Amino acid sequence: MDRARHVQAPGAGARAAGALPARRAGRSRPAAPVRPRRHDQRPSALPGRLDAHARSAAGGGADVPGALGRGARGRAVTTRAEFFARIRGELRKKPALFAASTAARPEHPATQADAIRRELAERWPETLEAFRLEFERVAGVFHRVASLDDVAPTIDRIARERGARELVSWHAASVAGDGLSRALTARGLGVHEMPAGEAADGAERARLRAITARADLGLTGVDLAVAETGTLVLVSGAGRPRSTSLLPPCHIALFDRTALVESLPQVGVFLEAWHRDGAPPADGAVVNFITGPSRTADIELTLTRGVHGPKEVHAIFEDGGLRG
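Numbering (the working numbering), first residue to last: 10 to 333.
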């Protein structure tokens with residue numbers, strides 16, 4: 010017998026194994042009978058009973074930090090007051106980042122404010138230098154001029170460097186008098202001065218707000234300049250809206266030595282004195298503490314200026330005294 014005849018060609022076995030058997034001619038496979046689906050009429054079994062309160066898979070107690078869980082055993086609900094009381098209790102156990110305490114309210118704030126003025130009248134140059142250093146540290150731009158006549162040229166230079174054409178200002182009585190507005194207008198700036206009193210109605214308020222929003226520069230006075238932080242304190246009120254320092258992209262603040270204070274506790278004395286005597290700026294609605302330009306950082310710590318306020322803040326110190 011010739012064994013060579015039984016040797017298959019390469020791949021023939023694979024094709025044969027994978028080939029489907031041919032149907033016999035003339036015969037068809039009968040269709041499978043269709044059987045109706047049986048519906049079980051028995052009711053579904055009830056789920057197992059759930060715990061009244063969620064527990065961990067290990068069957069232990071609730072996973073609540075001890076600081077919040079103590080004192081509430083046996084109760085499932087904690088009141089808002091109890092919750093915050095426990096947080097305050099835990100915070101008291103850890104040392105603070107710096108020593109802090111509540112300042113005593115001054116009994117005679119007007120007398121103390123006068124004493125501060127007398128002391129600073131002797132050492133205002135040192136206080137001004139401390140303010141300048143801190144103000145520039147928070148990205149403020151400091152200018153110093155010899156007299157009121159030098160203020161308009163300084164503002165004009167700031168405007169030209171930025172291509173600014175429109176300036177909105179507090180009422181003249183809250184800045185440096187009528188002369189400054191006239192000098193700025195003579196230099197080609199469009200000056201919009203806020204009225205001395207409150208706006209008559211909503212339409213007038215909307216008009217003034219639109220003027221402020223489109224202005225390139227916002228000019229204000231300064232109630233207090235805090236040396237230890239480089240902060241400008243502005244009290245809003247009639248003729249001195251806070252929008253003037255917030256909406257324009259560049260804020261210019263004008264002040265003299267009478268606004269200088271050394272520390273935040275001294276600020277508290279003046280605020281209390283204004284509140285007691287009821288004189289301006291005590292009638293203001295808001296006290297703004299401005300420490301440099303507006304800064305905003307996203308979750309990746311990318312710093313952006315000018316998102317929630319002015320992109321630039323300039324402080325002009327006038328040596329001769331704004332009121333003469």
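Quick reminder that beta carbons are idealized off the backbone N, C-alpha and C, glycines included. The structure presented is a predicted model; accordingly, all values stated were derived computationally and were not measured.
Provide the residue span of the alpha helix (DSSP H) that contains Arg-304, from first to last. The sequence position of residue 304 within the sequence shown is 295, counting from 1. Residue range 304-306 is occupied by the beta strand (DSSP E) that includes Arg-304, with no alpha helix (DSSP H) assigned at that position.
Got a sec? Which residues, its chain only, sit under 7 Å from Arg-146 by beta carbon, not counting five neighbours each side? Position 137 of the sequence shown holds residue 146. Sequence-distant Cβ neighbours of Arg-146 in its own chain, meaning closer than 7 Å and more than five residues away, are Gly-239.
Do Leu-157 and Gly-329 come within 9 Å of each other at the CB atom, strictly closer than that value? On the sequence shown, residue 329 is found 320 positions in, with the first residue counted as 1. On the sequence shown, residue 157 is found 148 positions in, with the first residue counted as 1. For the pair Gly-329 and Leu-157, the CB atoms are nearer than the 9 Å cut-off.
Going along the chain, which unbroken runs of the alpha helix (DSSP H) with 4 or more residues stay wholly within the stretch 87-161? If only complete runs of 4 or more residues are kept, the stretch 87-161 shows the alpha helix (DSSP H) at 89-101 and 118-146, in order along the chain.
Let me know the secondary structure DSSP gives Ser-272 once reduced to three states. Position 263 of the sequence shown holds residue 272. When secondary structure is reduced to three states using DSSP, Ser-272 falls in the coil class, being assigned neither helix nor strand.
The stretch 107-127 touching the stretch 268-279, judged by at least three CB pairs closer than 8 Å: The answer is yes - the stretch 268-279 touches the stretch 107-127, with three or more Cβ pairs under 8 Å.
Suppose you measure from the CA of Thr-311 to the CA of Pro-118; what does that come to, to the nearest Å? Residue numbering aside, residue 311 sits at position 302 when the sequence shown is read from its first letter. Residue numbering aside, residue 118 sits at position 109 when the sequence shown is read from its first letter. Going by the C-alpha atoms only, they are around 43 Å apart.
Roughly how many whole angstroms lie between the Cα atoms of Ile-308 and Arg-191? Along the sequence shown, read from residue 1 onward, the residue named residue 308 stands at position 299. Along the sequence shown, read from residue 1 onward, the residue named residue 191 stands at position 182. Cα-Cα distance, rounded: 46 Å.
Tell me, which residues are paired with Gly-246 by DSSP? Residue 246 sits at position 237 when you count from the first residue of the sequence shown. Answer by DSSP bridge pairing, in chain order: Arg-249.
Does the structure place the stretch 163-181 close enough to the stretch 221-241 that three or more beta carbon pairs sit under 8 Å? A contact exists between the stretch 221-241 and the stretch 163-181.
Ordered along the chain, which non-local residues of its own chain (more than five positions away) have a Cβ less than 6 Å from that of Leu-331? Start at 1 with the first residue of the sequence shown, and residue 331 comes out as number 322. So the qualifying residues of the chain are Ala-185 and Asp-265.
Using 10 angstroms around the beta-carbon of Gly-188, count the other beta-carbons present and answer buried if the total reaches 16, otherwise exposed. If you number the sequence shown from 1, residue 188 lands on position 179. So Gly-188 ends up on the exposed side.
In angstroms, rounded to a whole number, what distance separates the CA positions of Asp-165 and Ser-252? Translated into positions along the sequence shown, residue 165 becomes position 156. Translated into positions along the sequence shown, residue 252 becomes position 243. About 21 Å.
Quick one: using the 10 Å Cβ neighbour count with 16 as the cut-off for buried, is Glu-207 buried or exposed? Counting from 1 along the sequence shown, the entry for residue 207 is found at position 198. It counts as exposed.
Ile-96 burial status per 10 Å Cβ neighbour count (16 or more: buried): Here residue 96 refers to the residue found at position 87 when the sequence shown is read from its first residue. A residue is called buried when at least 16 other Cβ atoms come within 10 angstroms of its Cβ; Ile-96 does not meet this threshold and is exposed.
Would Pro-257 pass as a contact of Pro-204 if the rule is Cβ separation under 9 Å? Locating residue 257 in the sequence shown gives position 248, where the first residue counts as 1. Locating residue 204 in the sequence shown gives position 195, where the first residue counts as 1. No; because the gap between Cβ atoms is not below 9 Å, this pair is not in contact.
So the alpha helix (DSSP H) Thr-262 belongs to, where does it begin and stop? In the sequence shown, counting from the first residue as 1, residue 262 sits at position 253. The amino acid at residue 262 is misidentified as Thr; the sequence shows Ala. It is not in any alpha helix (DSSP H) - Ala-262 instead sits in the beta strand (DSSP E) that spans 259-264.
If we ignore side chains and look at the alpha-carbon of each, how far apart do Gly-197 and Ile-220 end up? One-based indexing of the sequence shown puts residue 197 at position 188. One-based indexing of the sequence shown puts residue 220 at position 211. Counting only the Cα atoms, Ile-220 lies some 17 Å from Gly-197.
Ends of the beta strand (DSSP E) at Ser-190? Locating residue 190 in the sequence shown gives position 181, where the first residue counts as 1. Segment 187-195 is the alpha helix (DSSP H) holding Ser-190; no beta strand (DSSP E) there.
Which same chain residues, not among the five before or five after Leu-241, have their C-beta less than 7 Å away from its C-beta? Within the sequence shown, residue 241 is the residue found at index 232, counting from 1. Close CB contacts of Leu-241 within its chain, under the 7 Å cut and outside five residues either way in sequence, are with Val-231, Ala-234, Ala-262, Ile-299 and Ala-324 (chain order).
Could you spell out where the beta strand (DSSP E) holding Thr-229 opens and where it closes? Locating residue 229 in the sequence shown gives position 220, where the first residue counts as 1. Element bounds for Thr-229: 226-230.
Start-to-end residues for the alpha helix (DSSP H) that takes in Gly-8: Only positions 10 to 333 of the chain appear in the structure, and residue 8 is not among them; the question remains open.
Taking the C-alpha atoms as reference points, what is the distance between Arg-101 and Gly-277? Your numbering for residue 101 matches position 92 in the sequence shown. Your numbering for residue 277 matches position 268 in the sequence shown. Rounded to whole angstroms, Arg-101 to Gly-277 spans 26 Å at the Cα level.
Return the first residue and the last residue of the alpha helix (DSSP H) that Arg-174 is part of. Along the sequence shown, one-based indexing puts residue 174 at 165. For Arg-174, no alpha helix (DSSP H) segment is defined, and its DSSP state is neither H nor E.
Bridge partner(s) assigned by DSSP for Phe-326: One-based indexing of the sequence shown puts residue 326 at position 317. Note: Phe-326 sits in a beta bridge opposite Arg-153 and Phe-264.
Rounded separation between Glu-131 and Phe-144 - CA only: Taking the first residue of the sequence shown as position 1, residue 131 is located at position 122. Taking the first residue of the sequence shown as position 1, residue 144 is located at position 135. When rounded, the distance between both Cα atoms is 22 Å.
Any idea what DSSP makes of Val-278, helix, strand or coil? What you label residue 278 is simply residue 269 of the sequence shown in a count that begins at 1. Reduced to three states, the DSSP call for Val-278 is helix.
Note down the Cα distance separating Ala-81 from Leu-255, rounded to an integer number of angstroms. To locate residue 81, count along the sequence shown from 1; it is residue 72. To locate residue 255, count along the sequence shown from 1; it is residue 246. With a pLDDT of only 48 at Ala-81, under 50, the local geometry of the prediction cannot be trusted, and no value is derived from it.
DSSP three-state assignment for Glu-213, whether helix, strand or coil: Taking the first residue of the sequence shown as 1, we reach residue 213 at position 204. Helix at Glu-213.
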